[in-house]
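Residue numbers (our numbering), protein chains in the order written: chain A, 118 to 271; chain B, 3 to 85. For every residue, glycine included, the Cβ atom is placed at its ideal position computed from N, Cα and C. Following: one structure in structure tokens, then a few remarks.
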Amino acid sequence: MRDIRLLEAPFIPGTLIGPFTNANPGLGGVCTFVGEVRFDDGVEALELTHYAPLTLPGMHELADRAFARFTLMGLLMVHRVGQMHPGEPIVCVSAAALHRRDAIGAVDFCMDHLKSAAWFWKRERRSGAWHWIEPRDQDHADLARWHRPPVGDT
Amino acid sequence: MATVVILGKLADLAGAPSLALPLPLMAELDWEGLKAALPPALAEAIEDPRVRVAVNGALLANKAKLQANAGDEIALLPPVSGG
């Protein structure tokens, strides 16, 4: 079961997880990560823009790679675009598998790639002015973890 | 006419998220021609090797070899934001 979506409006992650779990009968474990807009100092809003011809197709390619790398039964990957406020969910990734390491690993893998290699541009509003968020070294380090030989990570 | 879609902070340099470039039907637009048609600050910014270019949704391996025609959509893609 594979469910990959971009959403323009607020969503409640809990409402996605039940149906996703039910859609994967016989699973051994489900791992879910939900990211929310942080209450950083002075941040009033966060805006994500995407480029339709690349962003959703890129998420599908990422899902293909997760299915190739881990033994999965299902993968849910939902990402917000548009304007959000602190405390609102921005991303939800859930993986269902027979064994926990595949589920946990797939979520970690998808999140690292969504954060640093997916086609999203973010800006935040502080004191009424918008500021673009630049790439961070930590994101590239997170991504590099998955380019090492996959010794014992299955 | 070709459409230029401008993402992320590059849109601030263009003053708009997209621009329409007048282009005669039979004319082809190359990288130098594109830069000449854009606001100077944007033309300079897209020289950054981290800026990628897509034509009709397909990423170019080498943006300097851009070839676009009337009706095409050219996207200017700065590095994506981190977490």
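In terms of Cβ geometry, V224(A) and V208(A) do not form a close pair [threshold 8 Å].
Assigned with DSSP and collapsed to three states, G175(A) falls in helix.
The residue among P127(A), D120(A), E125(A), G143(A) with its C-alpha nearest the C-alpha of I134(A) is D120(A).
Excluding residues up to 5 positions away in sequence, V195, R197, P206, C209 lie with their Cβ nearer than 8 Å to the Cβ of F128(A) in the same chain.
A contact is defined here as three or more CB-CB pairs under 8 Å, and the region 219-239 of chain A fails this definition with respect to the region 24-34 of chain B.
In this structure, the straight-line span from the alpha carbon of P130(A) to that of L25(B) is close to 46 Å. For G152(A), the enclosing beta strand (DSSP E) starts and ends at 146-153.
Between A56(B) and A39(B) the beta-carbon gap is near 17 Å, outside 8 Å, which marks them as no contact. Per the DSSP secondary-structure output, M228(A) pairs with nothing in a beta bridge. In this structure the region 166-184 of chain A lies against the region 47-61 of chain B, because at least three pairs of beta carbons, one per stretch, are closer than 8 Å.
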